[in-house]
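Report on the following structure.
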Amino acid sequence: MFVVTLAADNVWLSPPVVTDIDAICSACGEASIAEWTTMPAPYARSDAEQFVRQTVPTGWADRSPTWALRGHENGPVLGMIGLMARDLTAAEIGYWLSSSARSRGLMTTAVNLVCDFAFRPDGMALERIEWRAFVGNRDSAAVARRVGFRFEGVQRAGLVQRGVRRDSWAAALLAGDPRQPAEGWPG
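In the working numbering, the protein residues as written are 41 to 227.
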């Protein structure tokens, strides 16, 4: 798969690079990120190195792209967003955002950019994008809801976090779905 950069307004999405390792390590050390992700905790510099040097390039080669979210071209890493291919027409989206960058609409913009690219025939030509998060991750759910993801339910013991199974919420966005806030999400 070809590497692509996406941009709009105050969001610049490009693959993370070696010079981002320290910023990634710092952000992934935040308790609010560790609480809701499956990343190692504590998160070591070696984890960030492995992510940038191995996971990201392998993902791009296997139709599972990852982008660093920046406020502008060559800006510092504020978050991360990626797609994990399920098959040729479906993928799961995942994202995190540093606490200092929250409540500014950056991740909503980033998710829209990634979904637009993923659904385009000249992008990934996906038909379905899935979203899952641990039950209670209201910030992630709010982003998915604003973009138009439809809540599909609770998956009992649906995700594993550092060896422990936890319940997860599931939602999906289809290529033809309206891109407006969806109803039916947990309160």
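Positions of the beta carbon are idealized from the N, C-alpha and C atoms, including for glycine.
Considering only the alpha carbon of each residue, which of the options lies closest to residue i?
{"i": "G216", "options": "E167, G198, R206, R205", "result": "E167"}
{"i": "Q195", "options": "P161, A125, F189, W171", "result": "W171"}
{"i": "I169", "options": "R126, G111, L146", "result": "R126"}
{"i": "V51", "options": "G111, A67, R93, A81", "result": "G111"}
{"i": "R93", "options": "G122, V58, A81", "result": "V58"}
{"i": "S54", "options": "I121, W136, A67, P80", "result": "I121"}
{"i": "A181", "options": "A210, L118, P161", "result": "A210"}
Excluding the 5 residues flanking residue i on each side, which residues of the same chain have their C-beta closer than 8 Å to its C-beta?
{"i": "S72", "result": "S139"}
How about residue i and residue j: do their beta carbons lie closer than 8 Å?
{"i": "T149", "j": "D60", "result": "no"}
{"i": "L46", "j": "F157", "result": "yes"}
{"i": "I64", "j": "F91", "result": "yes"}
{"i": "V200", "j": "T78", "result": "yes"}
{"i": "R190", "j": "G224", "result": "yes"}
{"i": "R178", "j": "A222", "result": "no"}
On the criterion of 16 or more Cβ atoms from any shown chain inside 10 Å, does residue i qualify as buried, or is it exposed?
{"i": "G203", "result": "exposed"}
{"i": "N114", "result": "exposed"}
{"i": "P232", "result": "The shown model of the chain, from 41 to 227, leaves out residue 232, and the question about it has no answer."}
{"i": "A165", "result": "exposed"}
{"i": "R205", "result": "exposed"}
{"i": "L128", "result": "exposed"}
{"i": "G119", "result": "buried"}
Would you please state the rounded distance, in angstroms, between the beta carbons of residue i and residue j? I believe it to be under 8 Å.
{"i": "D207", "j": "G198", "result": "6 Å"}
{"i": "A173", "j": "W76", "result": "7 Å"}
{"i": "M124", "j": "S143", "result": "About 26 Å; that fails the 8 Å criterion."}
Go through its chain and collect everything with a Cβ distance to residue i's Cβ below 7 Å, but skip five positions before and after it.
{"i": "V187", "result": "T148, V151, N152, C155, L213, R219"}
{"i": "R85", "result": "I61, C65"}
Beta-carbon within less than 6 Å of residue i's beta-carbon, same chain only, minus the 5 sequence neighbours each way: which residues are those?
{"i": "W100", "result": "M41, V43"}
{"i": "A88", "result": "I61, I64, C65"}
{"i": "A67", "result": "S138"}
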